[in-house]
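Asks:
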Amino acid sequence: MAGEDEVTICRCEDVTMAEVLEAIRVHGARTLDELKRILRIGMGPCQGRTCLRLAAGVLARELGVPASEVMRELPRVRPPIVPVPIGHLVLLGTGGREPKGGGDP
Amino acid sequence: MRRPRESYDVAVIGAGIIGCATAYYLASRGLSVAVFDRSYITSGATGRCPGGIRQQWSTEDHVRLAMKSVEIYKNLDQELGVETGYRQGGYLILAKTEREVKDFERNMRMQRSLGLPVRWLEPGEIREIVPELDVEGIGALGAAWNPTDGYADPFKVTFGYARAAERLGAEIFTFTGVERVIVEDGQARGVKTSRGVVRAEWVVNAAGAWSRLVAETAGVSLPNKPYRHEILVTEPVKPFLRPMVISFHDNVYFRQSSRGGIIGGWGDPNEKPGYNFESSPRFLITMARLLAKYIPPLRGVRVVRQWAGLYDVTPDARQITGPVRGVEGFIQVNGFSGHGFMMGPATAHLVAQFIAGEPLDLPLEPFSPDRFERGAFEGETAVVG
Ligand SMILES: Cc1cc2nc3c(=O)[nH]c(=O)nc-3n(C[C@H](O)[C@H](O)[C@H](O)COP(=O)(O)OP(=O)(O)OC[C@H]3O[C@@H](n4cnc5c(N)ncnc54)[C@H](O)[C@@H]3O)c2cc1C
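Top to bottom, those sequences are chains A and B. The first sequence begins at 1 in my numbering and counts up by one. The second sequence begins at 106 in my numbering and counts up by one.
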């Protein structure tokens with residue numbers, strides 16, 4: 001059986017528990033924002049749906065504070081909320097017709 | 106939590122690429138350094154930029170400085186003991202008008218005279234480098250191509266500098282804001298932080314788009330203005346794009362990250378100055394249209410994230426580096442517009458040389474804060490503004 005260290009925290013970016021612990025213990029991360037920047041947690045296609053909660057749990061345990069405190073300042077939710085194909089965005093605001101120019105709408 | 110000591114040789118304000126790299130080069134010269142950031146390392150423009158490293162500039166000083174940075178980037182993994190993701194994938198700068206063709210010819214001549222292996226590509230040759238690019242649809246007349254330009258990971262580079270600086274004795278205090286610069290008898294004496302007063306012989310203003318506000322606390326007025334710049338990234342796709350592709354005409358740039366996502370930005374010519382971090386639908390749609398036009402197969406690829414950061418813009422689009430008149434020991438290293446990541450290593454190294462009283466590898470004079478009062482400056486035109 002894999003030890004706790006090998007547990008995957010963020011599947012999109014392939015980040016393990018050991019890496020999260022290192023970011024906190026060695027690199028001094030104190031916020032989810034820092035874990036995001038150091039490890040790319042939550043930057044993949046799922047945009048943090050499960051990993052942020054897991055990471056928050058680990059961070060709270062390591063810092064000895066309740067998880068709610070760590071979760072109080074979540075990394076900003078970046079739009080779009082769900083991934084959108086470029087081909088759909090191109091047609092936005094054109095009534096579904098191909099835009100003439102490619103640049104400035 | 107650790108508290109700052111009473112005094113240091115140098116107090117650095119801001120823990121982006123500039124502050125962290127400056128701390129590293131100062132500490133490696135045996136100076137005691139404290140870095141203060143009111144947020145975390147890379148929270149400013151540094152953590153929001155795509156890490157492009159270009160040497161194709163319209164002014165000689167910029168070309169020289171960028172070439173110096175590239176020398177540093179080439180050995181940075183070894184020097185800092187991290188993998189910075191530095192790659193020389195090249196920069197392909199498309200020319201869309203006759204005017205651009207002429208400007209590029211002149212710039213390339215100057216760049217080659219300084220040793221840059223830049224050359225002109227005809228439309229057919231562009232396709233050889235990026236077959237997916239719709240050269241005709243874009244209306245590109247050709248491109249300036251420099252294979253030694255590239256990119257690195259801004260987080261890896263900046264945390265790499267920060268940790269290396271700490272190993273050399275520098276102290277970095279995050280979540281510690283500087284409220285004001287302490288000035289006595291026309292001399293910077295330290296900083297008042299949210300965790301108390303810290304004395305220092307030198308104060309370095311590396312607060313990015315907030316540098317103007319920091320300078321004001323010392324009675325120094327900088328002409329810098331903050332401008333929002335937006336950027337997005339797509340889901341990962343198969344690696345197909347090695348270079349950064351730019352058009353000054355369309356105000357756009359994009360590249361493929363090592364994870365496969367296409368990361369790109371467009372500068373809105375109507376952007377007003379201000380501390381605005383909102384992501385706009387206007388940007389999302391415009392950028393999508395540009396990507397679809399430049400590389401039609403990207404239509405099926407999904408955008409996963411968009412965000413915004415601030416350019417710290419000076420009147421000539423060139424950074425401010427060096428001492429200011431009126432407050433001795435107060436060093437400005439700011440105003441980098443959209444090129445602080447690439448100019449960062451060389452500039453930080455020069456600033457450390459200056460403070461340590463060593464001979465400088467390159468002159469700082471062209472980037473002096475006084476140039477605006479003197480009214481003698483040449484603007485950088487090769488920018489995505
Ligand atoms: C969308 C975008 C794309 C870009 N693309 C590129 C590119 O491809 N290549 C390139 O070279 N450059 C690029 N840039 C520019 C580059 O990101 C910046 O020039 C560079 O990161 C500036 O670094 P810095 O350390 O000076 O500033 P920042 O990274 O902004 O750091 C300043 C720090 O100062 C701190 N601070 C502010 N006020 C205070 C205070 N009072 N007390 C304590 N701390 C304070 C902030 O919290 C911040 O962490 C881009 C920028 C953006 C926004």
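Don't be surprised by glycine CBs; every beta carbon is placed ideally from N, CA and C. All values reported here derive from a predicted model rather than from experimental measurement.
Using the three-state DSSP reduction, which class does B:Gly255 fall into: helix, strand or coil?
Replies: Of the three classes helix, strand and coil, the one that applies to B:Gly255 here is strand, per DSSP.
Asks: Show which residues of chain B have a CB atom less than 8 Å away from the CB atom of A:Val65.
Replies: Near A:Val65 there are no residues of chain B at all, since even the closest Cβ is about 14 Å away, more than 8 Å.
Asks: State the CB to CB distance for the pair B:Val350 and B:Leu238, rounded to an integer number of angstroms; the pair is presumed to be in contact (CB under 8 Å).
Replies: Sure, about 7 Å apart at Cβ, within 8 Å.
Asks: Would A:Leu54 and A:Ile24 qualify as a contact pair, given that the criterion is a beta-carbon distance under 9 Å?
Replies: No, the pair does not count as a contact, with Cβ atoms beyond the cut-off.
Asks: With which residues is B:Asn439 paired in a DSSP beta bridge?
Replies: According to DSSP, which records beta bridges pairwise, B:Asn439 is partnered with B:Ile425.
Asks: DSSP three-state call for B:Glu289: helix, strand or coil?
Replies: Three-state DSSP puts B:Glu289 in a strand.
Asks: Measuring straight from C-alpha to C-alpha, what distance separates B:Gly434 and B:Ala293?
Replies: The alpha-carbon atoms of B:Gly434 and B:Ala293 are separated by roughly 5 Å.
Asks: Given that A:Val90 touches chain B, what residues does it touch there, using C-beta distances under 8 Å?
Replies: Residues of chain B passing the Cβ test: Ile390, Ala393, Arg394, Ala397 and Arg404.
Asks: Any idea what DSSP makes of B:His334, helix, strand or coil?
Replies: In the structure shown, B:His334 sits in a strand (DSSP, three-state: E or B).
Asks: As a quick exercise: from B:Ala461, B:Phe482 and B:Ser174, pick the residue whose alpha carbon is nearest that of B:Gly135.
Replies: Here the closest residue by C-alpha is B:Ala461.
Asks: Pull up the DSSP beta-bridge partners for A:Met17, would you.
Replies: DSSP, once it has assigned bridges, lists no residue as partnering A:Met17.
Asks: Round the Cβ separation of B:Gly157 and B:Tyr358 to the nearest angstrom and send it over; I've been treating them as touching at under 8 Å.
Replies: Going by Cβ atoms, the distance from B:Gly157 to B:Tyr358 rounds to 7 Å, so yes, they are a contact pair.
Asks: I want to see whether chain A comes within less than 9 Å of B:Phe280, judged by CB atoms only; does it?
Replies: Cβ-Cβ to chain A under 9 Å: yes for B:Phe280.
Asks: Spell out whether any CB of chain B is found under 9 Å from the CB atom of A:Arg72.
Replies: Closer than 9 Å: no.
Asks: Consider the C-beta atom of B:His444 and the heavy atoms of ligand 1; say whether any pair is separated by less than 8 Å.
Replies: Checking the Cβ of B:His444 against ligand 1 gives yes.
Asks: Comparing alpha-carbon positions, which option in B:Arg423, B:Ala413, B:Val489 and B:Arg430 lies nearest B:Phe482?
Replies: Of the listed residues, the one whose Cα sits closest to B:Phe482 is B:Arg423.
Asks: On a CA-only basis, which of B:Arg410, B:Gly301, B:Ala249 and B:Arg360 is nearest B:Tyr399? Give me that one, please.
Replies: Here the closest residue by C-alpha is B:Arg360.
Asks: Would you call B:Lys207 buried or exposed, if buried means 16 or more other Cβ atoms sit within 10 Å of its Cβ?
Replies: Per the 10 Å Cβ criterion, exposed.
Asks: Considering only heavy atoms of ligand 1, does any lie closer than 8 Å to the CB of B:Met215?
Replies: Checking the Cβ of B:Met215 against ligand 1 gives no.
Asks: Taking the CB atoms as reference points, tell me whether B:Ala257 and B:Thr189 lie closer together than 9 Å.
Replies: In contact: B:Ala257 and B:Thr189 (Cβ atoms closer than 9 Å).
Asks: Could you pull the start and end residues of the alpha helix (DSSP H) that B:Phe388 belongs to?
Replies: First-last of the alpha helix (DSSP H) with B:Phe388: Pro386 to Tyr399.
Asks: What do you reckon, is the C-beta of B:Asp166 under 8 Å from a heavy atom of ligand 1?
Replies: No, the beta carbon of B:Asp166 sits no closer than 8 Å to any heavy atom of ligand 1.
Asks: Quick check on the burial criterion: 16 or more other C-beta atoms within 10 angstroms. Buried or exposed for B:Pro402?
Replies: B:Pro402 comes out exposed.
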